[in-house]
Amino acid sequence: MRRFIKGIAEAVFCILLLASCTLQFPETISAKFTDANFKVNLGNVSKAVTGLTEEVQKNLPDDKVYDYNPDGTETLQHFLIARKMKIPHFVDVLKTIDYTQPSVTIPISEFTVDVPDVQETLNSFSSNFSDVQFAMLHIFVGLSNLDTDCPIDISNRINITADLELDAVSTPGKTLASYELPDMSAAEVLTTNLLHVSELHHQELKDKQASDFEHFKLTLKNVLLELTGDLTTEQSDRIKNETTKAEFAVMVYLDVPLECTATADIQLNVFELAQAGEAALGNDWLGRSEASNTEKIDKYLKVLKTVKFGMRVDGTLGLPISRLLITDTTVGAGKVFGSDGERFDVGKNVEIELTGEQIKNALATYPYMPELNFTIGKDTKIEVPRNATIAAVLSVSAVTDGTMELYNKSNRQERSAHGEEL
């Protein structure tokens, strides 16, 4: 419809150019459009799920998020969230040790690590994607590499043991080993299977709600630093006097597979899932930067016989979408589809016929962005495959029938006398 209006405007402009010549021109010019068809594609928006790793990373800025495919054979989409928690005052502990002793054991204060929030992962799809339960999640615990300017290499002389307490399960006397994953970009896929990494402590989390992770914590109790010394006095003094930096951290890795069950009815917005707001349409369904001046295009609207919005939604998102509902988010003049909306089936080409008044309402409202929603019923199992996509194709078609005045000499002269734009 935008191109249709633009095309008519260009025709008017050409006629006005001719009118400025010395040729004799009629007082008025009209054009008749009988069953003329115009069709414009408003947008073809789609989103690959693997592209959401960057979106999840934005929601968890203090963590590292990986697109995770264990062994490279997983068919479901996984995200791995890595969180680092520094052991408090570690450099101060190192500077108090007598490294001439054969071995030293020093207690470290108990501390806790907040487990990454699963809900923030789901929010990358939709803010409404919350009432779900995961049958199985995996959590892994280890240590970072020692980051220090210590003049003597003591990294392989240190052992840390602790009682790990997570989800009311206690693992006493666990020796933690150093293991860090590579720093990969969001576009890369991590295929290392952490279940096969012996340096990491592994624990299964069964039947967890996404909301459970809001205050989920890992507690380290009875933490002991065991150090093999047997260094010279000179070496021991250098460590104490020259070391200014020594950071050791507990690493927590949470494997989040996109496989869960809805614990309540969930309503999701197709445009939000497809990231339509960023991918193609902006915040206006008609792709405009401001509301349209309907007074200037009334004569074009009068010759419109029918206008239809066409929609088709497809995808391999693994969500049980069968019926969609399109409704308005604005009120008053912006109402086009009404409070009850329009329902249609997924995967079928659907056209919704609008009246001239509905078209004016949409054009006069900015931004105009209806909602395209579907509902996942309670107890529905959700499985999102790797490389899944969801796509929404929008179009508008118009059939005209009527006569439109393109040029009127007297009106032009009158408007010109009043300094109005022609």
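This note's numbering puts the first residue of the sequence shown at 1189, with every later residue one more than the last.
Where is the CB? At the ideal position from N, CA and C, for every residue including glycine.
- Contact between Asn1333 and Ser1366 is confirmed by a C-beta separation of about 5 Å, below the 8 Å threshold.
- Around the beta carbon of Met1439, a 10 Å sphere encloses 16 or more other beta carbons of the protein chains shown; the residue is thus reported as buried.
- In this structure, Asp1351 keeps its C-beta atom at 8 Å or more from the C-beta atom of Asn1311.
- In terms of Cβ geometry, Lys1272 and Ala1437 form a close pair [threshold 8 Å].
- Beta-bridge partners assigned by DSSP to Pro1445: His1266.
- In the displayed model, Gln1289 falls within coil according to three-state DSSP, outside both helix and strand.
- Taken in chain order, the complete alpha helix (DSSP H) segments of 4 or more residues contained in the region 1306-1348 are 1306-1310.
- Only buried fits Ala1550, as 16 or more other CB atoms lie within 10 angstroms of its CB.
- Note that the C-beta distance between Asp1251 and Pro1304 is below 8 Å.
- Contact holds between the region 1389-1407 and the region 1319-1330, because three or more Cβ pairs, one in each stretch, are under 8 Å apart.
- Residue range Phe1278 to Leu1282 is occupied by the alpha helix (DSSP H) that includes Val1279.
- The three-state secondary structure of Glu1242, taken from DSSP, is helix.
- Around the CB of His1266, 16 or more other CB atoms lie within 10 Å, so the residue is classed as buried.
- Residue pairing of Glu1353 in beta bridges, as defined by DSSP: Ser1358 and Thr1407.
- Only residues of its own chain outside the window of five on either side were considered, and among them Thr1416, Gly1417 and Asp1418 have a CB closer than 8 Å to the CB of Pro1290, listed in chain order.
- Thr1309 sits close to Val1244, with the two beta carbons spaced by under 8 Å.
- Taken through DSSP and simplified to helix, strand or coil, Pro1370 comes out as coil.
- In this structure the region 1441-1450 lies against the region 1565-1578, because at least three pairs of beta carbons, one per stretch, are closer than 8 Å.
- Membership of Ile1427 in the alpha helix (DSSP H) is indicated by the continuous run Thr1421 to Glu1430.
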